[in-house]
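Note sheet for the following structure.
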Amino acid sequence: MVAAAPSGKKPLPDMMTSIRIDKSGQVEIVDQLLLPHSVVWMPVSTPEEAFDAIKSMRIRGAPAIASLAALSLRSYLSSSSAPSFSSPSDAVKWIRETVDYLQSSRPTAVNLGEAMDRIRAILKKAESEGKTTEEIVETIKTVCGNVHEEDLERNKEMGRLGAEWLWKKRGGNGKKALKVVTVCNTGSLATSGYGTAIGVITALFEADQLDTAYYAQTTPYHQGSRLTSLELTTLQIPACMICDTMLGSLFQHEDIDGVIVGADRVVKNGDTANKIGTYQAAVLAQRHGIPFMVAAPVTTIDVSLATGKEIHIEHRPSVEATQVRGLNIETGKLSVVRITPEGVGEGDKPWQRVYNPSFDVTPAELISCVVTEKGVAERKEGEKSIDLSSVV
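For the sequence shown, position 165 (counting from the first letter as 1) is numbered 165 according to the UniProt record's numbering, and the numbering increases by one without interruption.
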């Protein structure tokens, strides 16, 4: 028997955000490389600045980078520095080239590609309809704004659906609240607001159905220990950090009810690319009979790829694994320190190599369900793929 869900919602403190827009239309992002010790907002006025921010991971999270790419294009087209187009075809050419450029900043994140494809489609339609240069520019500015604004509401719906699904699965037997695990950072800092996997956790907390949210550090970039910790602390959600290597021990010694992760790309059969460490969490979850959930908007699903073997996996610079940034307790200043012997990751000798993929692929057979804003697609018992047709 499933326990009745508690009624009402807990009030939440103000959530963090990764992107803000002032009254003049200036786009700013919080420099996530400096979090959690320093909150610095930096302006992003051009597509080139957006590209650099995405590439350097000053902003990350598939929905957030899609929003920034679109907003940077809108902001630039609205500014006094915008190109002076000589004709509609000139505008179309420039916008198309800029969209291609922005998409190349983070190839694994399908949300970015989806947003840029959406702009391309609107651009093509405007061109075929014979719109003037001014009409083309205004049309593109509108769709760029929509990319950002639509993300928040779908995240809230996704959080509600995911929380309801897990409560029905694990909320019985007199259990009053659930213990869950997440990987990487999937909250407001990774989206336009509320979050994907963190959105599910937040919905559980608001419904008084959450005991503890365990979050993995997610090395080498420490998105968990730097960013998820900051978000959960800000929201005052009961949480506990674990090292990535402690997942197995946690599953052995705690009654974990679910693992909830986000995604950078979900392909047609349900295989999912997400932050490195997700695959090992799925393997361990299956070993211990723990539901493994993927929470991702429809824009993250890429039905053009049949399986995860076709997903391009980005590899990051070696230095990101050999060095770590943090607060020097003695000086009170941010510092970067090397944690490996000198030369590791810096030369071409066989003993200097570093393997540093940014993502891994979790096979659908290890995933219990995929949650989107349109519903929950469950993997059927014994199946090795997930039918996503009902949630896209």
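Here a beta-carbon is modelled for each residue, glycine too, at the ideal position from N, C-alpha and C.
Inclusion of Ala213 and Ile237 in the CB contact set at 7 Å is warranted, their separation being smaller than that value. In its chain, beyond the 5 residues on either side, Ser105 have a beta carbon closer than 6 Å to the beta carbon of Lys55. The beta carbon of Tyr279 sits closer than 7 Å to those of Asp360, Val361, Thr362, all from its chain and outside the five residues before and after it, given in chain order. Counting only runs that start and end inside the stretch 96-156, the alpha helix (DSSP H) elements of at least 4 residues fall at 110-128.
In the DSSP annotation of this structure, the continuous segment of the beta strand (DSSP E) that includes Tyr214 starts and ends at 210-216. Within the stretch 14-98, the runs of alpha helix (DSSP H) that reach at least 4 residues and sit entirely inside it are, in chain order, 47-55, 62-78. Cα atoms of Leu178 and Pro47: separation of roughly 43 Å, rounded to the nearest angstrom. Annotated three-state conformation of Lys380 is coil, per DSSP. Contiguous alpha helix (DSSP H) elements confined to the stretch 287-329 occur at 319-322, taking only those with 4 or more residues. At the C-beta level, Ser318 and Asn269 stay beyond 7 Å of one another.
For His312, the closest of Arg265, Gly289, Ala53 by C-alpha to C-alpha distance is Arg265. Thr245 carries a helical assignment under DSSP once its states are collapsed to helix, strand and coil.
By the 16-neighbour rule on beta-carbons within 10 angstroms, Leu334 is exposed. Counted as a single uninterrupted DSSP element, the stretch harbouring Ala273 is not any alpha helix (DSSP H) but the beta strand (DSSP E) occupying residues 272-275. Ala62 has its alpha-carbon roughly 22 Å from the corresponding atom of Gln26. Gly375 is bridged by DSSP to Thr372. If you draw a straight line from the Cα of Asp387 to the Cα of Ala263, it comes to about 17 Å. Counting C-beta atoms within 10 angstroms of its own C-beta, Pro36 has 16 or more neighbours from the protein chains shown and is therefore classed as buried.
For Val337, the enclosing beta strand (DSSP E) starts and ends at 334-338. Under the DSSP definition of a beta bridge, Pro357 partners with His315. Distances from the CA of Phe292 to each of Glu365, Glu330, Val324, Gly326 were compared; the closest alpha carbon is that of Glu365.
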